[in-house]
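What follows is one structure encoded as structure tokens, with my remarks underneath.
In my numbering, the protein residues as written are 6 to 917.
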């Protein structure tokens, strides 16, 4: 039921209302139900509003019909134009294809690939034509649907005109009958007529609503048809773009054909130039080989001459030694004191000369002019030795000889290095020749061209840039390390100077390192022990609180029975103590409440003092640790200690102990985790004995109560104060229902745990199956890759054998220069093809190795994932088994307590 704003309807005007307001009124009138107590003025206003809204909707329908007609005409024209355009483009493409086929017939068999591409393009054009035909059919069907919609809209317009005429007639009748009826007829007759009019208007409104819903459906269908038309236009545009693209590809192919022909001509010219260069390089190589042979002959002759000179020099040196020995023997008494040092120096220099001569004999080069100079020096030395005058000059001559010998050694080394450089140049040139020949054959075969060369140059440039960057990084790292090393050396020297230690003395640091490690291990152990003690302290407090709750429950139960709750805690009670009366229960209750309050206050004060002392001690420990952090290399952290201190500080801000604060929430969250459950299991064993003792005391007390005789004070008529039969039965029912709820709860937990275990086991089985399937597939892939690697190795061995054969043929060709020109081309082509195949095989082998390494990495990752899954599942199993055992133990305890407890009915019977 919708409520209308009658003021706005009565004050309705055509010019002031907007289209949005008319739409809103239309929605309201559709949902409005006419009330029986409406006034005539309201009906007239409602009639005028509905008439205006119907006129507004009729105008909308007419405008939509006009738009549909315009769209249909426009689409027909566009489709005709597009169809004609597509036909023209297809004709042009066919003509281009015919031209391309003619050009292909002239170009030869080298354009087979282009022909295949053109055939593909023809197939694509045919597919596009088929798609266009199907789209034309769809457009025709959609046109028919649009015509149907227009016919339906015409029918609706006719009905709308009829409705307008009926509304006008009704309006006239109402205007004519309004005044006389208002004067003559009574109020009851007017109401009946108004109701009839309302019924008629309601029927008309319903009919109008149906018409409006039909119009909305037509509008939706028109929108859908518009969307379809837009999609078709987009598809036609895409088809036209494809055709344009294909035509562009055809033109590009023609241009590429022309460019390839030009490139072929250029490559032929380049091949001819390269052939000429190869011929010239072969001639240069032959000349160089002849020059190298001549150099070898000259070097051999020179070596023979140097060997002869060395023999002569050795003979002369032996003669000088004999002569010196004779001189020493003749003038032994005269020049004993003066020439003793000279003789020792001469003998030493002679030994050195012998060593140098041996080294000269091992080498292969010596200069002729230096040998002549050394001969003249030896003759001078002989003449001076005969004269026996300039004894100090002999040492100068020996020094000159040493210098000459060193110069000769340097010249020999230079000659050897020059010979090695010449050999290396010859090898490099020969390698360049072979590379040029192979590259020439690749140019001839079309394997290696300008694009490949540019790509290779780019790759080499990238590698060079990467290496340069890597070298720069290494240089920076080396400089940094050198700076660090210099800094450390300076620090070491400064420390040595401060400590008074020499630079050469070695300081051992093994003992210091061992002490440092021991200190670290001790600190780690202390930290672990501290964490364990803290966790144990927290758990003990939790258990203490749980046991206090259990004791309070037992006290309350015994309190309800009419006894003091202190009976269980007292160990020095006599077994024959009689229970107190219910008549004195109030006084006993007051005294116990006061005592309990005193005890709790004292306990609370003890807890406050204990927490305050613990907080201060922990703060002192943290301060000492933080003070030591600056002086030592070890850093100690304890998150548990910091959290406890935060909690204690927050509790002691106001100077009083608040139990329901931050630590309580943290403990509640930690209690639900598996780690705390495991730790609680470990520490609960320590408290199990105390709990058993207390339970034994309670059981002994219950047995004592059962064994005590019925007192005459409690008669059948006398009942405890505040307890009736109904309350007793209710308490018994409550206890039984509580026990049943506990049993059901633990059973549900046990069933949930078993279902979780089964789910985890199923997941483990699925993971194992997946792992086995992956393992099998990996093994299959590995075997296939191994087979491919073996086959590639075989092909490499075959290609190496072929290369050896070609080398032997090349040597044979060098021996016979007449047949070299004839067979060099064939062998070069074969070598080029084999080298290309070899490179392809190497690339394949490298790719296979990379794939194998990637698969190995994946296999290792899968193994790691499987191991982690196994470990996690094992941990989950252990946790669940621990939880299960704990719950079973709790269940057993509850069942034992249930069996051991005395029923309340039995106690009431005793009291009665």
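No residue lacks a Cβ here, since even glycine has one placed at the ideal position from N, Cα and C. Everything numeric in this text was worked out from a predicted model, so none of it was measured.
- The alpha-carbon separation between residue 47 and residue 170 amounts to approximately 21 Å.
- At the C-beta level, residue 850 and residue 808 stay beyond 9 Å of one another.
- Under the DSSP assignment, residue 34 falls in the alpha helix (DSSP H) whose first and last residues are 24–36.
- Secondary structure at residue 800: helix, using DSSP grouped into helix, strand and coil.
- Per the coordinates, the alpha-carbon of residue 895 lies some 37 Å from the alpha-carbon of residue 622.
- For residue 507, the three-state secondary structure derived from DSSP is coil.
- Judged by beta-carbon spacing, residue 843 lies within the 9 Å limit of residue 801, meaning their Cβ atoms are closer than that value.
- The continuous alpha helix (DSSP H) containing residue 13 extends over residues 11–15.
- For residue 131, the secondary structure class from DSSP, reduced to helix, strand or coil, is helix.
- The three-state secondary structure of residue 261, taken from DSSP, is helix.
- CA-CA distance, residue 132 to residue 249, rounds to 15 Å.
- Here residue 170 carries a helix assignment [DSSP, helix/strand/coil].
- Within the model, the alpha-carbon separation for residue 322 versus residue 314 is close to 12 Å.
- Looking at the backbone, the Cα of residue 507 and that of residue 495 are separated by about 14 Å.
- Burial check for residue 73: the Cβ neighbour count within 10 Å reaches 16 or more, so the residue is buried.
- Distance between residue 63 and residue 22, taken at the CA atoms: about 17 Å.
- The criterion of a C-beta distance shorter than 9 Å is satisfied by residue 853 and residue 793.
- Sixteen is the threshold: when 16 or more other Cβ atoms of the shown chains lie within 10 Å of the Cβ of residue 54, as they do, the residue is buried.
- Shown here, residue 55 sits in a helix according to DSSP, grouped into three states.
- Rounded to whole angstroms, the gap between the alpha carbons of residue 257 and residue 90 is 22 Å.
- Put simply, the backbone Cα of residue 211 is about 14 Å away from that of residue 58.
- Within 10 angstroms of the beta-carbon of residue 279 lie 16 or more other beta-carbons, which makes it buried.
- Here DSSP, grouped into helix, strand and coil, assigns residue 422 to helix.
- When C-alpha distances from residue 559 are compared across 846, 902, 878, the shortest belongs to 902.
- If you draw a straight line from the Cα of residue 273 to the Cα of residue 125, it comes to about 32 Å.
- Look at residue 42 here: in three-state DSSP terms it is coil, with no helix or strand label.
- Between the C-alpha atoms of residue 864 and residue 467 there is a straight-line separation of about 33 Å.
- By the Cβ-count criterion, residue 311 is buried, with 16 or more other Cβ atoms from all chains shown falling within 10 Å of its own Cβ.
- CA-to-CA, the gap between residue 876 and residue 546 works out to about 33 Å.
- Separation of residue 298 and residue 489 (C-alpha to C-alpha, rounded to the nearest whole angstrom) is 56 Å.
- CA-CA distance, residue 891 to residue 544, rounds to 16 Å.
- Taking the Cα positions, residue 702 is about 12 Å away from residue 556.
- Put simply, of 145, 223, 207 the residue whose alpha carbon is nearest the alpha carbon of residue 159 is 223.
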